[in-house]
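> Numbering (our numbering), first residue to last: 1 to 713. Glycine is no exception: its CB is placed at the ideal position from the N, C-alpha and C atoms.
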Amino acid sequence: MMDIKLDPSRDDLPLMANTNHILVKHYVLDLDIDFECQVIEGTIVLFFEDGDRLKQWSSSSKETCQMESNEACTLRTLKPCHIPATNASSSSSKMGYNNFEICSKADKDISDKDGNHDNQEQASGISISKYCCDTENHGREEFLLVLDCCDLSVLKVEEVDVAAVLGIEKFTRSPKLTAISKELRNEMVRELVTLPADRWREQFDYFARCSQAPSCGELFFDTDTWSLRIRKTGAQTATDFPHAIRIWYKTKPEGRSVTWTSDQCGRYVDVCSHMDYPCRFQSASASTQEIIPHRVFAPLCLKDVCQGTLLPLIPLCLSAAHSVLGTHPFSRLDILIIPANFPSLGMASPHIIFLSQSTLTGMSHLCGTRLCHEIAHAWFGLAIGAQDWTEEWLSEGFATHLEDVIWAEAQQLSVYEAHEHQELRACLRWHRLQDELQNSLEEMQVLRPRKEKTGHVSDSGASVVKHGLNPEKTFMQVHYLKGYFLLRFLARTLGDETYFSFLRKFVHMFHGQLILSQNFLEMLLENIPEEKRQELSVENIFRDWLESSGIPKPLQTDRQAGAECRLVRQVDAEVTKWIQVNRRPRKRKRGEQEEVFEKLLPDQLILLLEQLLQEKTLNLRTLQSLQRTYSLHKHDAEVRHRWCELVIKHKYSKAYKHVERFLQEDQAMGVYLYGELMVSENAQQQQLAHRCFALTKEQMDRSSAQVVAEMLF
Numbered sequence: 001m002m003d004i005k006l007d008p009s010r011d012d013l014p015l016m017a018n019t020n021h022i023l024v025k026h027y028v029l030d031l032d033i034d035f036e037c038q039v040i041e042g043t044i045v046l047f048f049e050d051g052d053r054l055k056q057w058s059s060s061s062k063e064t065c066q067m068e069s070n071e072a073c074t075l076r077t078l079k080p081c082h083i084p085a086t087n088a089s090s091s092s093s094k095m096g097y098n099n100f101e102i103c104s105k106a107d108k109d110i111s112d113k114d115g116n117h118d119n120q121e122q123a124s125g126i127s128i129s130k131y132c133c134d135t136e137n138h139g140r141e142e143f144l145l146v147l148d149c150c151d152l153s154v155l156k157v158e159e160v161d162v163a164a165v166l167g168i169e170k171f172t173r174s175p176k177l178t179a180i181s182k183e184l185r186n187e188m189v190r191e192l193v194t195l196p197a198d199r200w201r202e203q204f205d206y207f208a209r210c211s212q213a214p215s216c217g218e219l220f221f222d223t224d225t226w227s228l229r230i231r232k233t234g235a236q237t238a239t240d241f242p243h244a245i246r247i248w249y250k251t252k253p254e255g256r257s258v259t260w261t262s263d264q265c266g267r268y269v270d271v272c273s274h275m276d277y278p279c280r281f282q283s284a285s286a287s288t289q290e291i292i293p294h295r296v297f298a299p300l301c302l303k304d305v306c307q308g309t310l311l312p313l314i315p316l317c318l319s320a321a322h323s324v325l326g327t328h329p330f331s332r333l334d335i336l337i338i339p340a341n342f343p344s345l346g347m348a349s350p351h352i353i354f355l356s357q358s359t360l361t362g363m364s365h366l367c368g369t370r371l372c373h374e375i376a377h378a379w380f381g382l383a384i385g386a387q388d389w390t391e392e393w394l395s396e397g398f399a400t401h402l403e404d405v406i407w408a409e410a411q412q413l414s415v416y417e418a419h420e421h422q423e424l425r426a427c428l429r430w431h432r433l434q435d436e437l438q439n440s441l442e443e444m445q446v447l448r449p450r451k452e453k454t455g456h457v458s459d460s461g462a463s464v465v466k467h468g469l470n471p472e473k474t475f476m477q478v479h480y481l482k483g484y485f486l487l488r489f490l491a492r493t494l495g496d497e498t499y500f501s502f503l504r505k506f507v508h509m510f511h512g513q514l515i516l517s518q519n520f521l522e523m524l525l526e527n528i529p530e531e532k533r534q535e536l537s538v539e540n541i542f543r544d545w546l547e548s549s550g551i552p553k554p555l556q557t558d559r560q561a562g563a564e565c566r567l568v569r570q571v572d573a574e575v576t577k578w579i580q581v582n583r584r585p586r587k588r589k590r591g592e593q594e595e596v597f598e599k600l601l602p603d604q605l606i607l608l609l610e611q612l613l614q615e616k617t618l619n620l621r622t623l624q625s626l627q628r629t630y631s632l633h634k635h636d637a638e639v640r641h642r643w644c645e646l647v648i649k650h651k652y653s654k655a656y657k658h659v660e661r662f663l664q665e666d667q668a669m670g671v672y673l674y675g676e677l678m679v680s681e682n683a684q685q686q687q688l689a690h691r692c693f694a695l696t697k698e699q700m701d702r703s704s705a706q707v708v709a710e711m712l713f
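1) Any idea which residues DSSP pairs Pro-14 with across the strands?
2) Is it buried or exposed, Phe-713, if we count other Cβ atoms within 10 angstroms and call 16 or more buried?
3) Select from Gln-534, Phe-510, Ala-244 the residue whose C-alpha is nearest the C-alpha of Asp-50.
4) Which word fits Gly-308, buried or exposed, when buried means at least 16 other C-beta atoms lie within 10 angstroms of its C-beta?
5) Can you look up Ala-298 in the DSSP assignment and give me helix, strand or coil?
6) What is the DSSP secondary structure of His-26, reduced to helix, strand or coil?
7) Rounded to a whole number of angstroms, what is the C-alpha to C-alpha distance between Glu-442 and Gly-550?
8) Looking at Glu-417 and Val-324, is the spacing between their C-beta atoms short of 9 angstroms?
9) Can you name the start and end residues of the alpha helix (DSSP H) that Gly-368 belongs to?
10) In this structure, how does DSSP classify Pro-80 when only helix, strand and coil are distinguished?
11) Which runs of the alpha helix (DSSP H) spanning at least 4 residues fall entirely within the stretch 410-443, listed in chain order?
12) Are the beta-carbon atoms belonging to Tyr-480 and Trp-389 less than 9 angstroms from one another?
13) Following the continuous beta strand (DSSP E) through Ile-338, name the residue where it begins and the one where it ends.
14) So does the stretch 680-687 actually touch the stretch 314-334, counting three or more Cβ pairs closer than 8 angstroms?
15) Is it buried or exposed, Thr-288, if we count other Cβ atoms within 10 angstroms and call 16 or more buried?
16) Which class does Arg-702 belong to by DSSP, given the choice of helix, strand or coil?
17) Taking DSSP as the reference, what is the three-state secondary structure of Tyr-206?
18) Taking only three categories from DSSP, how would you classify Lys-599?
19) Should Cys-301 go down as buried or exposed, given a rule of 16 or more other Cβ atoms within 10 Å for buried?
20) May I have the straight-line CA-CA distance separating His-508 from Gln-534, to the nearest angstrom?
21) To the nearest whole angstrom, what separates the beta carbons of Pro-449 and Lys-466, a pair I think is in contact under 8 angstroms?
22) In angstroms with no decimal places, state the Cα-to-Cα distance between Leu-521 and Phe-510.
23) For Val-305, which residues of its own chain have a beta-carbon under 7 angstroms away from its beta-carbon, when the five flanking residues on both sides are left out?
24) On the premise that Asp-603 lies in contact with Arg-425, defined as a C-beta separation below 8 angstroms, what is that separation, rounded to the nearest angstrom?
25) Does the beta-carbon of Asn-341 have 16 or more other beta-carbons within 10 angstroms, so that it is buried, or is it exposed?
26) Assess contact between the stretch 167-174 and the stretch 33-45, defined as three or more Cβ pairs (one per stretch) separated by less than 8 angstroms. Is contact present?
27) Who are Leu-31's beta bridge partners in DSSP?
28) So, using beta-carbon positions, are Ile-515 and Ala-386 closer together than 9 angstroms?
29) Check each candidate in Pro-196, Asp-151, Val-160, Trp-200 and name the one with the smallest Cα separation from Leu-184.
30) Would you mind reading off the limits of the beta strand (DSSP E) that contains Cys-216?
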């Protein structure tokens, strides 16, 4: 049983895996996808390293990289997963792209609604002891492998006979293979997972071959809501437990871990293959590669806009990121354009960025900044991860701060221009942070909610993610914004040149590791000259920035973020003109000239609209003139969102079509607008909200749909 009693509240996500005892070092997937039934089914083969080596590894690295999740985490070496191509020799595929197995909703498998076969009839008839204690083993407690998973139907778990792989005997110290034993199989896997980096091709080849090896016996298992628990009779320690296992499983159409939708053309996309790679931080040639190979995958209906907007930006942003941070952690980049119902504007994973179709509208500004944000995650979030998932700022705060720097470099702005643009965006984020802090619970505003317990796990490695299941957290940006302002504060304290030089050093030191806030802060403070430290210390930063709600104390003295910026002052002047226009009578006086408005950048337009939103009334003539002057309905999603807010606030019915379009085509950003439509208590607006929700709710992200439904009903 687990060595920690977890009783998470409704909004806490439990991480049950006993990663301090045994760690997944590599995995191989072999999956079939049934699009009609919305089920992914197949196998995953896991290769383990047991606790004895983990303790040695952790000790030698001074615990800078605790084993917090069952993902590959190796000291200064990235270990990618290998996904074999599905073919007749390696898969029992029955449901390909051109040969669907059609089934109606009534035909969908309902035998596994609870996701727990417990090795009973559906799983080869093997029974399971809920207490994982084999009575034939004299009541001695056996080792229990715990894996994090949610809403999976596990069909079978078996030990993989790696000894059956031709040539595998080279990975054993035994001179001759006279008898195959569990110890010998484990020794083979142990040697395989610890091969040096220069033998990565050979290692990957044997991982793939071992994944196709036959079974040498089924294992006992059971499942609950958040985990899969596996044991083997007689295996009382992690060292004894099989080091290579195969799990047969399937997802559920209603499962929370996978969301199904059609692409923007209503069709399905072919599967592409992926390449292997070694650790690039150790490669001299990789360190000079400014632009890694890249591809874009998009539906045909978005092909032209991708070629015109996105494709020209990718090499510019990749080169800029390299100039700021150094070696690209990954050897190539694929970008997938995702449908409107994806719950954010983007997401990064190794080798791939998911980019919302909402970033492609208007000019290239939103697309460029979001692309830079996701590219930054290759370093902060992927190559370096948070040991404790409650410290989300270590990923999002860094990416938010870096997106401005990388985007300025990509546009080849001068030092002055870059400073102006960054101050403008700081002003926007200051307003955004104030709004968020005024409209959220204090406990949700803390970047380090577990405080002194941050990074603490049970002896097995289990823990919880504070507020991990709270749907409100999905729509909050406090970890982006407070993290951004902390890093901006530190960069200004050191000076940009010193700070970014340190950042490259930090990446070189910690890539491939999971870190805590103090790992970053302690190394940073060591690089700050004594005369610049002022009152900076890890403890003070924890207190002021990471463990307090509200505006951080050092930021309270910086309330005029962007006030000295020329671009901000220009917006202030334009706002004054619009207020004057709004106050004029319908008919102008003879000889009175119309106001001449300046052309504004997208970020300036956002600031302009946000300031006009503070006005109690704007008449219809002013709103018509605003729309005509800036062609607001043709801009990017960020600008159009503010325009929709103005339309709703002032009940500008002629522009309701713009709101309807936004709620259907930009769902990731539209949740707030539903609330505004309902709060207005205007029958026409409420009907609009209900109509749009009825059209989109079936494909909407579950968390978004839940929040919207609570607003509407």
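Looking at the coordinates:
1) Residue mapping note: residue 14 aligns to position 14 of the sequence shown, counting from 1. According to DSSP, Pro-14 bridges with Val-464.
2) On the sequence shown, residue 713 is found 713 positions in, with the first residue counted as 1. Phe-713 comes out exposed.
3) Here the question's residue 50 lines up with position 50 in the sequence shown. For Asp-50, the closest alpha carbon among the candidates Gln-534, Phe-510, Ala-244 is that of Ala-244.
4) Within the sequence shown, the letter at position 308 stands for residue 308. Flag for Gly-308 reads exposed.
5) Locating residue 298 in the sequence shown gives position 298, where the first residue counts as 1. Looking at Ala-298 - three-state DSSP - the assignment turns out to be coil, as it is neither helix nor strand.
6) As a working note, residue 26 is residue 26 in the sequence shown. Correct three-state label for His-26: strand.
7) Position 442 of the sequence shown, counted from the first residue, corresponds to residue 442. Position 550 of the sequence shown, counted from the first residue, corresponds to residue 550. Rounded to the nearest angstrom, the two C-alpha atoms are 7 angstroms apart.
8) In the sequence shown, the residue the question calls residue 324 occupies position 324. In the sequence shown, the residue the question calls residue 417 occupies position 417. No; because the gap between Cβ atoms is not below 9 angstroms, this pair is not in contact.
9) Taking the sequence shown and counting its residues from 1, one reaches residue 368 at position 368. For Gly-368, the enclosing alpha helix (DSSP H) stretches over residues 365-376.
10) Taking the first residue of the sequence shown as 1, we reach residue 80 at position 80. Any reading at Pro-80 is ruled out, since the residue's pLDDT is 33, under 50, leaving its predicted position unreliable.
11) At a cut-off of 4 residues, the continuous stretches assigned as alpha helix (DSSP H) that sit fully inside the stretch 410-443 are 415-438.
12) As a first step, residue 480 must be located in the sequence shown, where it is residue number 480. As a first step, residue 389 must be located in the sequence shown, where it is residue number 389. Going by C-beta atoms, Tyr-480 is not nearer than 9 angstroms to Trp-389.
13) Here residue 338 corresponds to residue number 338 of the sequence shown, with the count starting at 1. Segment 333-338, the beta strand (DSSP E) holding Ile-338.
14) No, they do not touch.
15) As a first step, residue 288 must be located in the sequence shown, where it is residue number 288. That one is exposed.
16) The sequence position of residue 702 within the sequence shown is 702, counting from 1. If DSSP states are grouped into helix, strand and coil, Arg-702 belongs with the helices.
17) On the sequence shown, position 206 is the one that residue 206 refers to. Assignment of Tyr-206 by DSSP, reduced to helix, strand and coil, places it in the helix class.
18) Here residue 599 refers to the residue found at position 599 of the sequence shown. Coil.
19) As a working mapping, residue 301 is identified with position 301 in the sequence shown. Burial call: exposed.
20) Stepping through the sequence shown from its first residue, residue 508 is reached at position 508. Stepping through the sequence shown from its first residue, residue 534 is reached at position 534. So the two alpha carbons sit approximately 27 angstroms from each other.
21) In the sequence shown, residue 449 corresponds to position 449, counting from 1. In the sequence shown, residue 466 corresponds to position 466, counting from 1. A Cβ-Cβ distance of about 4 angstroms is found for the pair Pro-449 and Lys-466, placing them in contact under the 8 angstroms criterion.
22) Reading the sequence shown from its first residue, position 521 is the one you call residue 521. Reading the sequence shown from its first residue, position 510 is the one you call residue 510. When rounded, the distance between both Cα atoms is 13 angstroms.
23) Here the question's residue 305 lines up with position 305 in the sequence shown. Only Leu-360 meet the Cβ criterion.
24) Taking the first residue of the sequence shown as position 1, residue 425 is located at position 425. Taking the first residue of the sequence shown as position 1, residue 603 is located at position 603. Sure, about 6 angstroms apart at Cβ, within 8 angstroms.
25) Working through the sequence shown from its first residue, we reach residue 341 at position 341. Its Cβ being crowded by 16 or more others within 10 Å, Asn-341 is buried.
26) no
27) Along the sequence shown, one-based indexing puts residue 31 at 31. According to DSSP, Leu-31 bridges with Gly-42.
28) The residue given as residue 515 occupies position 515 in the sequence shown. The residue given as residue 386 occupies position 386 in the sequence shown. Yes.
29) Counting from one through the sequence shown, the residue named residue 184 turns up at place 184. The shortest C-alpha separation from Leu-184 is found at Val-160.
30) For this step, residue 216 is matched to residue 216 along the sequence shown. Per DSSP, Cys-216 belongs to the beta strand (DSSP E) from 215-218.
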